[in-house]
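First to last, the protein sequences are chains Y and S.
For the first sequence, numbering that gives the first Met the number 0 begins at 0 and goes up steadily by one.
For the second sequence, numbering that gives the first Met the number 0 begins at 0 and goes up steadily by one.
Where is the CB? At the ideal position from N, CA and C, for every residue including glycine.
What you are looking at is a predicted structure, and each value in this text was computed from that prediction instead of being measured.
To start, the structure under review is shown below, and the notes come after it.
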Amino acid sequence: MATGFPIIFGKAAVADWTPAQISTALWLDAADASTITLNGSTVSQWADKSGNNRGLSQATAAQQPTYRTNVLNGLSGVDFFQDKALFSSTSNPVVQFVATVIKSQNATWASYHAMFDSRTIPARIGSIRAAGGTGFYTSTPAEIASAAWENGTSISVTGGPFSTITSPQIIEFTAAPERGNPMSGITIGNFDSLTFGGSGMQYEIIALSAVPSPEGRQKLEGYLAWKWGLQANLPVGHPYKTAPPTV
Amino acid sequence: MNDYLVFNTQAAANAALETIYANMVEAINSPDLLNIETQQTVPKDDLSPGDMVEINSDSRYYPIFGVNAATGVKDQKTGYTTAWAVSQETVANEWVFPKPDDALMGGVSGYTVKPYDPDWFPQATP
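Below is the structure:
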């Protein structure tokens, strides 16, 4: 039997682009059930697909987030509502850019929610969503993200208000320059090393050690949008508005 | 699940947490614990974090060991549950944590049950 490159109508077959095509510092994908370890219906571990073995875990049963199946475009999410968290105390990656698909349980964040951040204040990279608001938490001294995007459109990094957050959004940000990097541990949900915070659902998180080019960022937006059924949220003129990125 | 147990002291809360965790372990019958390296039954009183044991039945409580969501294969090393909760101090100097299933409350005393109150933690700002 002949083997080789697949040919369709005289052209090489194309495949959808995924973050596996680039170097990632960490990649969490709730749609990939093989990366999820469950205690009943709650998540005790979320394995890293980057190849860097930076999976997050939660050994305390009452603080484990809930695995929600078939909740977005037929895919699953991890629900951190009511003070849930996954974390790592041993992973300290350099992270300059984060892309995630996320939604809030309520019209405003019911509690502070770390989308992807350090476990110590001096090393925060600026991901925390503000309790009672819709945008980023901004503190003094500053830990404000350098730039941020919502569904491929640039947004304010100093508080919002943003669009409705009770429906899933693609949120991206570049790390706060004022604080430390590499990170000091990793947390999602609770902020720092506390057991408070966590008020939203996250579906996928991609962390990079360098800020991508605009084209690279748009490719990530296209990948996330088409995977999670959010392509309608992309702005008109976005290069992946009508078709997903391919390799 | 929104109910919390409220204690007057951290010591009382932590003692209750130890009892609840012991109840979680107790809920798993010892014949169902199997050392996967020696294939010998492990007495539940000898269970400790890191033991390569598996549970051969589905517990109706919170399993001590997780399973891979895709394959159902038990994950003895990374899915290990070491506590029910972490007690937290409120502004009223009480100690609280989420209430577990009633079946795990045996031997727990000295508490009151209250619904979660966000005002317990006004200091919880980043």
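For the stretch 227 to 242 of chain Y and the stretch 77 to 90 of chain Y, state whether three or more C-beta atom pairs, one from each stretch, are separated by less than 8 Å.
The stretch 227 to 242 of chain Y vs the stretch 77 to 90 of chain Y: no contact.
Residues from the stretch 186 to 209 of chain Y in contact with chain S, defined by Cβ distance under 9 Å
Residues of the stretch 186 to 209 of chain Y with a C-beta less than 9 Å from any C-beta of chain S: Phe-190, Asp-191, Leu-193, Thr-194, Phe-195, Gly-196, listed in chain order.
Taking only the alpha-carbon atoms, compute the straight-line gap between Ile-205/Y and Ala-24/Y and give it to the nearest angstrom.
Linking Ile-205/Y to Ala-24/Y through their CA atoms gives a straight-line distance of about 8 Å.
Quick one: which chain Y residues come within Cβ less than 9 Å of Tyr-110/S?
Contact of Tyr-110/S with chain Y by beta-carbon distance below 9 Å is absent, the smallest such distance being about 15 Å.
Out of Gly-221/Y, Gly-50/Y, Ala-19/Y, state which residue places its alpha-carbon closest to the alpha-carbon of Ile-169/Y.
Among Gly-221/Y, Gly-50/Y, Ala-19/Y, the Cα nearest to that of Ile-169/Y belongs to Gly-221/Y.
Check each candidate in Gln-230/Y, Ala-224/Y, Leu-207/Y and name the one with the smallest Cα separation from Gln-20/Y.
If we check each option's Cα against that of Gln-20/Y, Leu-207/Y comes out closest.
Leu-25/Y in three-state terms, based on DSSP:
It is a strand residue.
Taking buried to mean at least 16 other C-beta atoms within 10 Å of its own C-beta, is Lys-48/Y buried or exposed?
Buried: at least 16 other Cβ atoms inside 10 Å.
Note down the Cα distance separating Arg-178/Y from Phe-86/Y, rounded to an integer number of angstroms.
CA-to-CA, the gap between Arg-178/Y and Phe-86/Y works out to about 19 Å.
Going residue by residue through the stretch 127 to 185 of chain Y, where are the continuous beta strand (DSSP E) segments of at least 3 residues, counting only ones entirely within it?
If only uninterrupted beta strand (DSSP E) runs of at least 3 residues are considered, those enclosed by the stretch 127 to 185 of chain Y are 146 to 149, 152 to 154, 168 to 173.
If you measure from the CB of Phe-80/Y, is any heavy atom of the ligand SAH nearer than 7 Å?
This structure lacks the ligand SAH; in fact it carries no ligand of any kind.
Using alpha carbons as the reference points, say which of Trp-45/Y, Thr-107/Y, Gln-62/Y lies closest to Leu-55/Y.
Proximity to Leu-55/Y across Trp-45/Y, Thr-107/Y, Gln-62/Y peaks at Trp-45/Y, based on C-alpha coordinates.
N-terminal and C-terminal residue of the alpha helix (DSSP H) that Gln-9/S is part of:
It spans 9 to 25 - the alpha helix (DSSP H) in which Gln-9/S sits, taken as one unbroken run.
Do Thr-8/S and Trp-94/S come within 8 Å of each other at the CB atom, strictly closer than that value?
For Trp-94/S and Thr-8/S, yes; Cβs fall inside 8 Å.
Comparing the C-beta of Thr-119/Y with each C-beta of chain S, is any distance below 8 Å?
Nearest CB-CB separation between Thr-119/Y and chain S: not below the 8 Å threshold.
Restricting to Cα atoms, I'd like to know which of Leu-103/S, Gly-71/S, Asp-116/S, Ser-108/S is closest to Ala-109/Y.
The option with the nearest alpha carbon to Ala-109/Y is Asp-116/S.
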